[in-house]
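Here's the structure we're looking at; comments come further down.
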Amino acid sequence: MYFKDIIGQTEIKQHLIRSAQTGVIPHAQLFTEKGGTGAFALALAYARYLNCQNRSDTDSCGHCPSCLKYDALAHPDLHFVFPIVAKKERKKELCDDYLPEWRNFLHEHSYFSLDDWLDYIDAGNSQALIYSKESDEIMHKLSLKIYEAEYRILIVWLPEKLHPTCANKLLKIIEEPPARTAILMVSEAPESVLGTIQSRAQRINIHGIHSEDIAAAMQSGYGLSPEDAKYIAHLANGSMLQAIQAISINEENQFFLEQFKTIMRNSWARNVKGMKEQADQLAAIGREKQKNFLAYCQRLIRENFVCRFSAPELNYMNREEAAFAIRFSPFINERNVIDLMDELATAELHISQNVNAKMVFFDLALKITVLIKR
């Protein structure tokens with residue numbers, strides 16, 4: 183990943199380049215984003231730039247030995263930590279056990295989500311975590327002598343997934359890492375990162391990509407017409423990942439929309455049998471997708487409420503969602519919108535706490551039955 187490959191984010195690129203050129207390299211940095219705005223790509227491009235032997239004023243050279251090793255993501259002084267699903271029977275209990283899959287995944291994806299990674303490794307219903315055992319591995323790697331790079335780099339993707347034991351063990355090394363070591367953390371939920379880790383890192387907030395930059399990328403990279411590119415850029419709401427998903431056949435998004443329609447129709451019709459059947463179906467899709475579905479439902483409730491104000495510039499629904507909203511939006515009003523959002527957020531919290539999913543979704547449908555009639 184090079185700076186030139188990253189859509190938009192000109193100011194952040196300039197800040198990172200200036201940091202490398204002046205030699206003012208914070209020992210720990212926390213890149214934060216909503217998702218899909220390029221935080222991981224920026225961290226990786228920054229790591230490459232720090233160690234490039236012939237870097238220019240705008241990017242890495244791409245030809246030096248360091249850049250060639252970064253191309254293969256196999257530089258001996260580049261280390262990754264990321265959420266995994268431990269599989270003892272396959273002897274996959276540490277991040278390094280997944281390193282071949284991780285490198286292939288990064289070569290195929292510039293913008294990605296946790297769900298993309300979990301699907302790639304066929305995680306099933308398991309929730310991903312950075313396990314406590316990983317802390318010993320990290321401390322061992324950072325205690326070794328630097329092989330050849332100017333800076334040893336540790337990139338931690340989603341530090342909010344650190345097991346509490348692992349997070350606490352890493353506090354000391356984040357505060358005082360070995361010389362010429364940079365720890366780059368990339369978070370999509372910084373409020374969930376251990377507070378003492380946050381306080382020991384310099385925070386870099388990655389804001390949404392300008393719609394003009396997304397539209398230009400859609401035209402040059404995907405061959406969209408200017409009108410379609412502008413529409414997709416609006417739907418993306420600053421996220422290149424959402425823009426890519428909007429122009430592809432997104433089976434998960436289609437599934438979520440159909441499930442949203444079903445839960446609302448069952449609740450309106452007081453179809454208890456249908457509610458039970460849907461609860462069984464949703465219980466089988468895995469915890470991460472269940473949480474994503476409930477977050478999707480909250481977004482659609484918000485969009486349908488805003489839809490009533492006839493302000494299309496405030497809506498971020500795709501064409502199928504907008505078509506459904508024509509009939510559904512009148513049922514979302516000031517008398518029920520807050521309670522609906524609260525119930526969906528509570529259900530998402532319960533799923534994250536490993537409450538029985540069938541009970542959560544069935545109970546949610548019953549509560550919606552009352553609220554949707556208001």
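Count along the sequence shown starting at 1, add 182, and that's the number in the working numbering.
Here a beta-carbon is modelled for each residue, glycine too, at the ideal position from N, C-alpha and C.
Quantities reported herein were computed from a predicted structural model and do not represent experimental measurements.
### Query
If we count Cβ pairs, one from each stretch, closer than 8 angstroms, do we get three or more for the stretch 372-380 versus the stretch 220-232?
The answer is no - the stretch 220-232 does not touch the stretch 372-380, with fewer than three Cβ pairs under 8 angstroms.
### Task
State the beta-bridge partners of His261 as determined by DSSP.
DSSP output for His261 lists Leu336 as bridge partner(s).
### Query
When DSSP builds the beta bridges, which residues end up paired with Leu311?
When DSSP reads this structure, Leu311 sits in a beta bridge with Ile266.
#### Entry: Local conformation of Leu366 per DSSP, three classes
DSSP places Leu366 in the strand class (E or B) of the three-state scheme.
### Task
Identify which residue in Ile328, Val206, Leu198 has its Cα closest to the Cα of Pro360.
Comparing Cα-Cα distances from Pro360 to each of Ile328, Val206, Leu198, the minimum goes to Ile328.
### Query
Thinking C-alpha only, which one of Phe543, Asp524, Ala529, Pro512 is nearest Arg556?
Ranking Phe543, Asp524, Ala529, Pro512 by Cα distance to Arg556 puts Pro512 first.
### Query
Counting only runs that start and end within the stretch 480-539, where is the beta strand (DSSP E) found for 3 or more residues in a row?
Runs found: none.
### Task
Out of Gly390, Ala223, Ile199, Lys315, point me to the one whose CA is closest to Phe294's CA.
Out of Gly390, Ala223, Ile199, Lys315, the CA that lies nearest to the CA of Phe294 is found in Ala223.
#### Entry: Ranges of the alpha helix (DSSP H) found wholly within the stretch 339-418, counting only runs of at least 4
Fully enclosed alpha helix (DSSP H) runs of 4 or longer: 346-357, 377-380, 393-404, 408-418.
### Query
What's the gap between the Cα of Gln424 and the Cα of Leu336?
Roughly 27 angstroms between the two C-alpha positions.
### Task
Report yes if the CB atom of Leu288 is closer than 7 angstroms to the CB atom of Leu255, and no otherwise.
Against a cut-off of 7 angstroms, the Cβ pair of Leu255 and Leu288 comes out as a contact.
### Query
Count the other CB atoms within 10 Å of the CB of Val338; is the residue buried (16 or more) or exposed (fewer)?
Flag for Val338 reads buried.
### Gly190, buried or exposed, once every other Cβ within 10 Å from all chains shown has been counted against 16
In this structure Gly190 is buried. Its beta-carbon is surrounded by 16 or more other beta-carbon atoms within 10 angstroms.
### N-terminal and C-terminal residue of the alpha helix (DSSP H) that Gln427 is part of
Note, Gln427: alpha helix (DSSP H), 422-429.
### Task
Have a look at Asp253 and Ser242 and give me their C-alpha separation to the nearest angstrom.
In a straight line, the C-alpha of Asp253 is about 11 angstroms away from that of Ser242.
### Task
Look up Thr240 in the DSSP assignment and say whether it is helix, strand or coil.
Three-state DSSP puts Thr240 in coil, outside helix and strand.
### Task
Could you name the residues that DSSP lists as bridge partners for Leu212?
Met367, Arg385.
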